[in-house]
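Please read the structure below before turning to the comments.
Number of protein chains: 2
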Amino acid sequence: MSEDSERHRFKMAKRKALQDARLAEKTVSAKGLLMVHTGAGKGKSTAAFGLALRALGHGWRIGVVQFGKGQWMSGERKMLEALGAEKVAWHTLGEGFTWETQDRARDEAAARRAWEKALALMAEPDLRLLILDELNIALRYEHLPLDEVIAALVARRPDLHIVVTGRNAKPELIAIADLVTEMTPVKHHFAAGVKAQEGIEF
Amino acid sequence: MSEDSERHRFKMAKRKALQDARLAEKTVSAKGLLMVHTGAGKGKSTAAFGLALRALGHGWRIGVVQFGKGQWMSGERKMLEALGAEKVAWHTLGEGFTWETQDRARDEAAARRAWEKALALMAEPDLRLLILDELNIALRYEHLPLDEVIAALVARRPDLHIVVTGRNAKPELIAIADLVTEMTPVKHHFAAGVKAQEGIEF
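Protein sequence lines, in the order shown, are assigned to chains A and B. The first sequence: position 166 = 166 (the numbering used here), numbered continuously. For any residue, its number in the numbering used here is found by taking its place in the second sequence, counting from 1, and adding 202.
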């Protein structure tokens, strides 16, 4: 073995020991996570649907409540339902972005319907993963009372994983979440004059 | 209509006009995007598999080459293949993280095998989306020559979308990419002593 690969081996062994030690520190082994995907970048909803795919791979039943732009997700819905319609409870109850509808009362009513559906799904004992897509938008525009939503999320069953997506997650939501990821745009093709691409963005 | 909702309506109408104007500015309508999911946060690979789900929803044929940790993605693979095995070319050719294998020559050979498979898939004319999972790791550890990878990605077919995932994306890759998203960890349950959760993280 050369000196270079010896050094590499030593460095990597040290790193593995560190990783193993970190893993051993973890003590809580089964917990329904409250996950938040926020930020102005791409991938917030897409990563949530990737989690749905994984959950179905584990044989879980999942729920999706869309608080907005449901019309862009029909491909994902069709595919997830093809994997087992009885395993997927999908409800698109948002009526699009508020700047599309321009009617606050209608936005609030739509958010309320979506939230009631979310509460109903949270009460279903066989559901293991619930995606509340774009809930952050409804909270940001105060279409729903933040306190009510926070209280219900905190009181979720211990074995229910929840993913909340959307820009501008409220600090109160981040405070109660287990895992928060910010999707940050580093570079975007729109800036270079390239349109949204079918199959990738819708 | 109350003054408040009038003001809301005006604000939202202005916003919609701005959105519409931005959309009209986009001129390039069909382009295979080079996308990069990087950063230390969650969701890089998961969002890529969410894109795979969407692509299958559009009837596309997709490819996946895993440069690492393939063993954690068996649920996703099983589910995507269940949607049409003939539509999914999946190759797990990485041998795990370098700090697991502790053998540089083996890491390089594995990366080379994975890259050759990626090149072969890029040459298949009916493939529309190719996921190069954890390629960033192989580039970071110089298991592959960066120049060679960059040149091949730049020379991709104009209708092929490629997603490259992994931490520490090289600046040279970011420079040639159309869409770069950094997944930034804001909060992580590991810090609170909660282990990786089955069904969510693997």
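C-beta: ideal position from N, C-alpha, C; glycine also. All of these numbers come straight from a predicted model, not from anything done at the bench.
Please determine if the stretch 184-201 of chain A and the stretch 232-250 of chain B are in contact, where contact requires at least 3 C-beta pairs separated by less than 8 angstroms.
-> Three or more Cβ pairs closer than 8 angstroms define a contact, and the stretch 184-201 of chain A meets that threshold against the stretch 232-250 of chain B.
Would you mind giving the Cβ-Cβ distance between Ala111 of chain A and Ala138 of chain A, rounded to the nearest angstrom? I have them listed as a contact below 8 angstroms.
-> That belief holds up - the Cβ atoms of Ala111 of chain A and Ala138 of chain A are roughly 4 angstroms apart, short of 8 angstroms.
Using a cut-off of 9 angstroms between C-beta atoms, extract the partners of Arg369 of chain B located in chain A.
-> Result: empty, since nearest Cβ-Cβ is about 13 angstroms, beyond 9 angstroms.
C-beta atoms of Leu129 of chain A and Ile176 of chain A nearer than 7 angstroms = No; because the gap between Cβ atoms is not below 7 angstroms, this pair is not in contact.
For the stretch 39-55 of chain A, enumerate the residues whose C-beta is nearer than 9 angstroms to any C-beta of chain B, in chain order.
-> For the stretch 39-55 of chain A, which is checked against every Cβ of chain B, the residues closer than 9 angstroms are Gly39, Gly41, Lys42, Gly43, Lys44, Ser45, Thr46, Ala47, Ala48, Phe49, Gly50, Leu51, Ala52, Leu53, Arg54, Ala55.
Looking at C-alpha atoms only, which residue of B:Ala394, B:Lys216, B:Phe269 is the closest neighbour of Ile333 of chain B?
-> Nearest C-alpha to Ile333 of chain B: B:Phe269.
In the DSSP assignment, what are the bridge partners of Asp133 of chain A?
-> Secondary-structure assignment with DSSP links Asp133 of chain A through a beta bridge to A:Gln66.
Is Trp203 of chain A helix, strand or coil by DSSP?
-> Examination of residue 203 of chain A is not possible in this model, given that chain A is present from 1 through 202 alone.
In whole angstroms, what is the alpha-carbon distance linking Asp380 of chain B and Lys319 of chain B?
-> A direct Cα-Cα distance of roughly 23 angstroms separates Asp380 of chain B from Lys319 of chain B.
What number of angstroms, rounded off, separates the C-alpha of Lys31 of chain A from the C-alpha of Lys216 of chain B?
-> Looking at the backbone, the Cα of Lys31 of chain A and that of Lys216 of chain B are separated by about 44 angstroms.
Flag Met122 of chain A as yes if its beta-carbon sits less than 7 angstroms from any beta-carbon of chain B, otherwise no.
-> It does not: the Cβ of Met122 of chain A has no partner Cβ on chain B nearer than 7 angstroms.
Give the interface partners of Arg128 of chain A over in chain B, defined as CB-CB distance under 9 angstroms, in chain order.
-> Against chain B, the beta carbon of Arg128 of chain A has neighbours under 9 angstroms at Gly401, listed in chain order.
Could you tell me whether the Cβ of Gly68 of chain A comes closer than 7 angstroms to any Cβ of chain B?
-> Judged by the 7 angstroms Cβ criterion, Gly68 of chain A is not in contact with chain B.
Whole-angstrom distance between Ala394 of chain B and Gly368 of chain B, CA atom to CA atom | Those two C-alpha atoms are separated by around 24 angstroms.
Alpha-carbon spacing of Arg140 of chain A relative to Leu255 of chain B, whole angstroms = For Arg140 of chain A and Leu255 of chain B, the distance between alpha carbons rounds to 29 angstroms.
With a 10 Å radius around its C-beta and 16 neighbouring C-beta atoms as the bar for buried, classify Ala316 of chain B as buried or exposed.
-> By the neighbour-count definition (other C-beta atoms within 10 Å, threshold 16), Ala316 of chain B is a buried residue.
Compare the beta carbon distance of Gly57 of chain A and Gly277 of chain B with 7 angstroms and say whether it is the shorter of the two.
-> Contact flag set, yes.
Straight-line CA distance for Trp262 of chain B to Leu375 of chain B?
-> The C-alpha of Leu375 of chain B is placed about 25 angstroms away from the C-alpha of Trp262 of chain B.
Can you have a look at Phe251 of chain B and say buried or exposed, based on whether 16 or more other CB atoms are within 10 angstroms of its CB?
-> So Phe251 of chain B counts as buried.
DSSP state of Pro387 of chain B, grouped into three classes?
-> In the three-state DSSP reduction, Pro387 of chain B falls in the strand class (E or B).
Interface residues of the stretch 281-297 of chain B facing chain A [CB-CB below 8 angstroms] = Cβ proximity to chain A below 8 angstroms picks out Met281, Leu282, Ala284, Leu285 from the stretch 281-297 of chain B.
Just grab the DSSP bridge partners of Arg402 of chain B for me.
-> Residue identity differs from the one stated: residue 402 of chain B is Ile in this sequence, not Arg. Under DSSP, Ile402 of chain B takes part in no beta bridge, so it has no partner.
Check the Cβ of Ile162 of chain A against every Cβ in chain B and list those closer than 9 angstroms, keeping chain order.
-> Neighbourhood of Ile162 of chain A in chain B, by CB distance below 9 angstroms: empty, with the nearest CB roughly 11 angstroms away.
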